[in-house]
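In what follows, a single structure is set out as structure tokens and then discussed.
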Amino acid sequence: MNLEYFIAKRLITGAEHKISISAPIIKIAITAIALGLIMMLIAIATGAGLKLKIREKVAAFNGHIQIYNYDNNNSDISVVPVDINQEFYPEFNNVDGVNHVQAVATKAAVIRTEETFEGLIAKGVGKDYNWKVFEEYLVEGRLPDYTHELNNEVLLSNVIANRLQLKNGDTFFTIFFKEDAEKLPNQRTFKIVGIYDSGFEEIDERYFITDIRHLQRMNKWQENQIGNFEIFLDDFDSIEEKTLEIHGMTVATLDTQNIRRKFGQIFEWISLFDFNTALIIGIMVIVGGINMITALLVLILERTQMIGILKALGSSNWSIRKVFLYNAAYLISIGLLWGNAIGLGIIWLQNQFKIFKFPNPKEYYVEYIPVSLDVITVILLNIGVLLLCLLMLLLPSYIITRITPVKAIKFE
Numbered sequence: 212m213n214l215e216y217f218i219a220k221r222l223i224t225g226a227e228h229k230i231s232i233s234a235p236i237i238k239i240a241i242t243a244i245a246l247g248l249i250m251m252l253i254a255i256a257t258g259a260g261l262k263l264k265i266r267e268k269v270a271a272f273n274g275h276i277q278i279y280n281y282d283n284n285n286s287d288i289s290v291v292p293v294d295i296n297q298e299f300y301p302e303f304n305n306v307d308g309v310n311h312v313q314a315v316a317t318k319a320a321v322i323r324t325e326e327t328f329e330g331l332i333a334k335g336v337g338k339d340y341n342w343k344v345f346e347e348y349l350v351e352g353r354l355p356d357y358t359h360e361l362n363n364e365v366l367l368s369n370v371i372a373n374r375l376q377l378k379n380g381d382t383f384f385t386i387f388f389k390e391d392a393e394k395l396p397n398q399r400t401f402k403i404v405g406i407y408d409s410g411f412e413e414i415d416e417r418y419f420i421t422d423i424r425h426l427q428r429m430n431k432w433q434e435n436q437i438g439n440f441e442i443f444l445d446d447f448d449s450i451e452e453k454t455l456e457i458h459g460m461t462v463a464t465l466d467t468q469n470i471r472r473k474f475g476q477i478f479e480w481i482s483l484f485d486f487n488t489a490l491i492i493g494i495m496v497i498v499g500g501i502n503m504i505t506a507l508l509v510l511i512l513e514r515t516q517m518i519g520i521l522k523a524l525g526s527s528n529w530s531i532r533k534v535f536l537y538n539a540a541y542l543i544s545i546g547l548l549w550g551n552a553i554g555l556g557i558i559w560l561q562n563q564f565k566i567f568k569f570p571n572p573k574e575y576y577v578e579y580i581p582v583s584l585d586v587i588t589v590i591l592l593n594i595g596v597l598l599l600c601l602l603m604l605l606l607p608s609y610i611i612t613r614i615t616p617v618k619a620i621k622f623e
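Structure, rendered in structure tokens:
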């Protein structure tokens, strides 16, 4: 039998433990551990959730990686077409982790109404377009259908619809400019069948979705000519590695770019979430550790006579220190148990009912506070907090070595 664990268990379960002088201090220490873990769980969940949601929104409109003609100079407007007949289309079988490839094209346009006008970019999509990543942003109407004959259906953002005073079901007149300014622009009339709102104003105020065949006809392209390819990955964290791998698989006339580079400022901003989360975790561990140190010192002071008796019976300093460390580990575990129950409960409620929302959604690109947390992170966080707190208690437990049996037994 583990003697130190047996003694620690008797101290914890003893009736005098609940009415001792240290009882309120122990409760404060347990509360501090619980509150600290709650804050850490919420910080990790909200930071990861916000990063994930912003990544999803940027990728929904651009894919994770784009393949385009070098001559386009990374322009948002498709100028020089790309042949759709590539080895990697429609399935990129040579690179693991690619789940979808789609062909798109873009063209500058002006939407004109009787009262105003708005300059936009028409994004042409076809039968292969991945509407699943777009469905959650649809706020009114339906998604357009480009699988059959050419039609005039378009998807317009809520931002542009409000500016132009348009609503679902309305038609509008559009002018498409040509590269040669001397030539007359193309004109089209479109019907709004759906309105989307991603919360990403930089994107919402720039694009409307139409059939890629309109842009091919206006550009006098063949059916096999498109603006660029958009590639979706299974794992965003491998985006840099996959960009290089995909670039090596394409012909010399094509270039590749990922959204991390294209929207560098946004991804630099969300990378700060990791630092903020680490800072919160560090502060909470220190606060919880200090409270546990206080509780441990009070426990040692309260059990000074017991320490003296154990030393007189031949127990080593480390053996007695282990008794109190076992006791502290139990108290920390109680705090972690309550912290997990409350923290994970709050995260679950937020994930299900979207209770907490941002006061200014435009600053964070989402209306509500998103949360994301996996089991492995929770387990590692609990183990880390427990170990760090115990490491912080090693030094104050050293005070036991300074207690002499004679003085301790006489201690009142």
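Per my numbering, the sequence shown starts with residue 212, numbered consecutively. Glycine residues also receive a C-beta, built at the ideal position from the N, C-alpha and C atoms.
- Burial state of N305 is exposed, judged by a 10 Å Cβ sphere holding fewer than 16 other Cβ atoms.
- Shown here, A316 sits in a strand according to DSSP, grouped into three states.
- Beta-bridge partners assigned by DSSP to S368: Y407.
- Within the region 410-450, the runs of beta strand (DSSP E) at least 3 residues long that lie entirely inside it are, in chain order, 418-422, 439-444.
- As computed with DSSP, Y579 is found in a beta bridge with K568.
- Proximity to G330 across I481, M460, D415 peaks at D415, based on C-alpha coordinates.
- Taking a contact as a CB-CB distance under 8 Å, the pair K334 and V577 does not count as one, their CB atoms being some 22 Å apart.
- Here G525 is exposed. Its C-beta has fewer than 16 other C-beta atoms within 10 Å.
- DSSP places L354 in the coil class of the three-state scheme, outside both helix and strand.
- For the options I580, S527, E574, the alpha carbon positioned closest to that of E215 is the one of S527.
- Cβ neighbours of K262 within its own chain (closer than 7 Å, five residues either side excluded): I481, F484.
- Pairing A319 with D422, the inter-Cα distance amounts to about 14 Å.
- Q277 is bridged by DSSP to E441, Q468.
- Judged by DSSP in its simplified three-state form, L483 adopts helix.
- Residues of the same chain with a CB within less than 7 Å of the CB of Y537, apart from the 5 flanking positions on each side, are E215, Y216, A219 in chain order.
- In the structure shown, N310 adopts extended strand secondary structure according to DSSP, grouped into three states.
- Sorting Y541, V509, S608 by C-alpha distance to the C-alpha of A234 places V509 at the top.
- Taken atom to atom, the span from the alpha-carbon of R374 to that of N551 is near 47 Å.
- Here the alpha carbon of A506 sits roughly 18 Å from the alpha carbon of R613.
- When DSSP reads this structure, F328 sits in a beta bridge with R323.
- Three or more beta-carbon pairs separated by less than 8 Å are not found between the region 295-310 and the region 358-365, which leaves the two stretches without contact.
- By the Cβ-count criterion, H359 is exposed, with fewer than 16 other Cβ atoms from all chains shown falling within 10 Å of its own Cβ.
- As far as DSSP is concerned, V589 takes part in no beta bridge.
- Below 8 Å, too few C-beta pairs join the region 512-523 and the region 266-282 to call them touching: fewer than three.
- Burial check for L490: the Cβ neighbour count within 10 Å stays below 16, so the residue is exposed.
- In this structure M503 is not in contact with I553, their Cβ atoms being roughly 19 Å apart against a cut-off of 8 Å.
- With a cutoff of 7 Å on beta-carbon distance, I406 and Q398 are scored as not near each other.
- Under a 10 Å Cβ-count criterion, I611 is classified as buried, with 16 or more other Cβ atoms of the shown protein chains found around its own Cβ.
- Note on geometry: alpha-carbon atoms of E267 and R471 lie some 12 Å from one another.
- The three-state secondary structure of Q398, taken from DSSP, is strand.
- Counting of Cβ neighbours within 10 angstroms places P581 among the buried residues, the total reaching 16 or more.
- If you check the CB distance, N341 and Q313 come in under 7 Å.
- Short of 7 Å from the beta carbon of V350, and not among the five residues preceding or following it, lie these beta carbons of its own chain, in chain order: N369, I406, Y407, D408.
- Here V293 is bridged, per DSSP, to I437.
- Beta-bridge analysis with DSSP links K334 to T317, I420.
- By the 16-neighbour rule on beta-carbons within 10 angstroms, G493 is exposed.
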